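Under our numbering, think of the first position of the sequence shown as 18, with each following residue one higher. No residue lacks a Cβ here, since even glycine has one placed at the ideal position from N, Cα and C. Note that this is a predicted model, so its numbers are computed, not measured. Here is the structure we will look at.
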Amino acid sequence: MKLKGSFKAPGDKSISHRIALFSLLGKGRMQVNNFSPCADCASSLKAVNLLGGEAHIFGDMLSVEGALGEIKDSRVDCGNSGTTMRLLMGLLAGRPGEFCLDGDESLRKRPMQRVADPLRQMGAELICEKGNAPVFIKGKELKACDHTLSVASAQLKSALLLAGLQARGVTTVREPAQSRDHTERLLTQCKAACNGKNGTWQVAQSELDLPERYWVPGDISSAAFLITAALINPDSRVMAEDVLLNPTRIGFLKVLLRMGADLKIEQQGNHPEPWGRVTAGYTPKLEACEIMAEEIPLMVDEVPILALAASQARGVTIFRQVGELRIKESDRISAICSQLSALGVDIRVKDDDLLVTGPAKLKPVAELDSFGDHRIAMTLAIACALAENQANIKKMESAAISYPGFQDALNGLMA
Ligand SMILES: O=C(O)C1=C[C@@H](OP(=O)(O)O)[C@@H](O)[C@H](O)C1
Ligand SMILES: C=C(OP(=O)(O)O)C(=O)O
């Protein structure tokens, strides 16, 4: 299969979530262009409107009003979105009122204790039985805390920084390795009392001053599927335009460059975040490499598609310490191992390391399972395109959780 041409991924999901949810702590009217149309961000928008905010979407243009109105419903369904739930835990912990955050079957299995525990240290009152959703919150007056996180998680960091904006004193958050920094960037743009560097951030009580206009660059995590597809399919060359190039999100591009990929990264702007263009061309001789534990948070959502790239590289690619992937929308380690093995890939787990030996010739299969996980679904769709195999991928529709136009974008490049 040959892929040719350029494409624009939808607005970045992580940034879109934050833009929407932060409006609950801000003032002013904001117009957001290229807001993500995905199902996960729709959960955040719904939450904003229930919790007294005002968010209206027209195509990919979002209009949000910072002033808080009446709470319409304090029970919020976060759907499949871990980001919506965890950020709301931090945001609501210091708000007067009682709230209940729930989600779908997958979200109900994901750990919330890691957020609840440090929030309780700040005086928050939260109940999440066995550490899972539903999460009940009784808003309390919060006091600042100095947190040292045991896991590099941007969702956990963000929840604590959002709580810190409502707490008495200066809240410090230290992470063991750098994770995506959209919260820190946006808080700075909203003139919050915050500062920091190298994985240590401090915030003090502040209201957010929402920017009048905000443009969301394309989602590099969504673009990753089509970029990788071009690298592994003969005669292919694609260009991802207007895409986010934040250094804390492009770990997978750096790994692919180490593997010898024909990749060109051109930064074209720095506002509101670094963005530009990525060109990817077929690379017949990808070489295996070792990916260190501290690199994983910088590419955490790209591990499934990178594992497929590794299956086409010569030698053993080792992803160190990928345990966090077990607690995403599915157990992504088990999902990629079982599904790529079914396609004939030599893929194994040793402790928390993932080992992929290539190059593999993918074999045709009748059926594959995404386990309802969007990133697994899109990885398998790219694998099937490479194998020229029309397998039925169970719950392929889950791709819309982050990338509603995925199939059309892939077809468009194949035409
Ligand atoms: O903060 C965010 O927007 C996200 C952080 C990551 O999760 P963790 O921070 O829990 O690793 C990532 O997997 C998720 O897709 C989005
Ligand atoms: C893990 C993801 O999202 P969330 O944690 O917000 O559900 C993802 O988009 O891959």
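Scanning the region 263-315 for uninterrupted beta strand (DSSP E) segments of 3 residues or longer gives 279-286, 292-298, listed from N- to C-terminal end. For residue 138, the number of other beta carbons within 10 angstroms of its own is below 16, and it is reported as exposed. Under the three-pair Cβ rule at 8 angstroms, the region 212-229 counts as touching the region 174-182. Under the three-state reduction of DSSP, residue 33 is assigned to helix.
Listed by position along the chain, the residues with Cβ atoms less than 5 angstroms from a non-hydrogen atom of ligand 1 are 31, 100, 170, 171, 172, 317, 318.
Less than 8 angstroms divides the Cβ of residue 21 from the Cβ of residue 430.
Cα atoms of residue 211 and residue 205: separation of roughly 7 angstroms, rounded to the nearest angstrom.
Non-local C-beta neighbours of residue 409 in its own chain, meaning closer than 8 angstroms and more than five positions away in sequence, comprise 383, 384, 385, ordered along the chain.
Distance from the CA of residue 150 to the CA of residue 95, rounded to the nearest whole angstrom, comes to 10 angstroms.
Burial is judged here by how many other beta carbons sit within 10 angstroms of a residue's own beta carbon; residue 309 has fewer than 16 and is exposed. Boundaries of the alpha helix (DSSP H) harbouring residue 130: 130-138, taken from the DSSP string. Residue 122 has its CB no nearer than 7 angstroms to any heavy atom of ligand 2.
Residue 191 and residue 200 have their C-alpha atoms spaced approximately 14 angstroms apart. Across the structure, residue 113 and residue 64 are spaced so that their CA atoms are roughly 16 angstroms apart. Rounded to the nearest angstrom, the gap between the Cα atoms of residue 100 and residue 405 is 35 angstroms.
Closest in alpha carbon position to residue 391, among 278, 339, 322, is 322. One thing to note: residue 93 has its Cβ no nearer than 8 angstroms to the Cβ of residue 79. Considering only 256, 387, 263, the residue with the shortest C-alpha distance to residue 296 is 256. Here residue 365 is not near residue 357, since their CB atoms are 8 angstroms or more apart.
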